[in-house]
Amino acid sequence: MRGLFTNQLLSIAPGETISGIAPRAQTLRVTRGNVWLTVEGIKHDYWLCAGDSFTAIPGKLIVIEADSASSIDTRRAGARQAVANVGAWLVGLSQRLFGHDTVSLKRNRGCNSPC
Numbered sequence: 414m415r416g417l418f419t420n421q422l423l424s425i426a427p428g429e430t431i432s433g434i435a436p437r438a439q440t441l442r443v444t445r446g447n448v449w450l451t452v453e454g455i456k457h458d459y460w461l462c463a464g465d466s467f468t469a470i471p472g473k474l475i476v477i478e479a480d481s482a483s484s485i486d487t488r489r490a491g492a493r494q495a496v497a498n499v500g501a502w503l504v505g506l507s508q509r510l511f512g513h514d515t516v517s518l519k520r521n522r523g524c525n526s527p528c
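Going by my numbering, the first residue of the sequence shown is number 414, and it counts up by one from there.
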């Protein structure tokens, strides 16, 4: 059993299998390739591609096999990165809801109309 949850970037060769038990909920993010993932006690498996992520269930054995040369990022995002991710998500949500860029709530002081 190789350390899945050691806060690092893992490289997995095609056909290679790694496994581990998460001590706490942790995000596994596929940064390259395709992997098959199975979790102890869950009847279905998962296929993850580059850009996909999976939150590990604490105390459950997780087995990952690479379909192609793959990388998995197990590093925890720092507080700044987490805030940046939330900010980017909010901007994307705003664009989807309102169909345009972020709306500025500042009022133009030169404008005399009650807008």
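The C-beta atom is built at its ideal place from N, Cα and C for all residues, glycine as well.
(message) Any beta carbon from chain C within less than 7 Å of Gly-454's own beta carbon?
(response) Here chain C cannot be found, since the structure has a single protein chain.
(message) Going by DSSP in three states, Ser-507 sits in which element: helix, strand or coil?
(response) Position 94 of the sequence shown, counted from the first residue, corresponds to residue 507. Ser-507: helix per DSSP, three-state reduction.
(request) Provide the residue(s) that pair with Gly-433 in DSSP beta bridges, ordered along the chain. (result) Numbered from 1 along the sequence shown, position 20 holds the residue referred to as residue 433. According to DSSP, which records beta bridges pairwise, Gly-433 is partnered with Ile-475.
(request) Leaving aside the five residues before and after Leu-474 along the sequence, list all residues of the same chain whose C-beta is less than 7 Å from its C-beta, in chain order. (result) As a position in the sequence shown, residue 474 is number 61, starting the count at 1. Taken in chain order, the residues that qualify are Ser-432, Ile-434, Glu-453.
(message) Are the CB atoms of Arg-445 and Lys-471 within a distance shorter than 7 Å?
(response) Position 58 of the sequence shown, counted from the first residue, corresponds to residue 471. Position 32 of the sequence shown, counted from the first residue, corresponds to residue 445. The question names Lys, yet the displayed sequence has Pro at residue 471. No. Outside cutoff.
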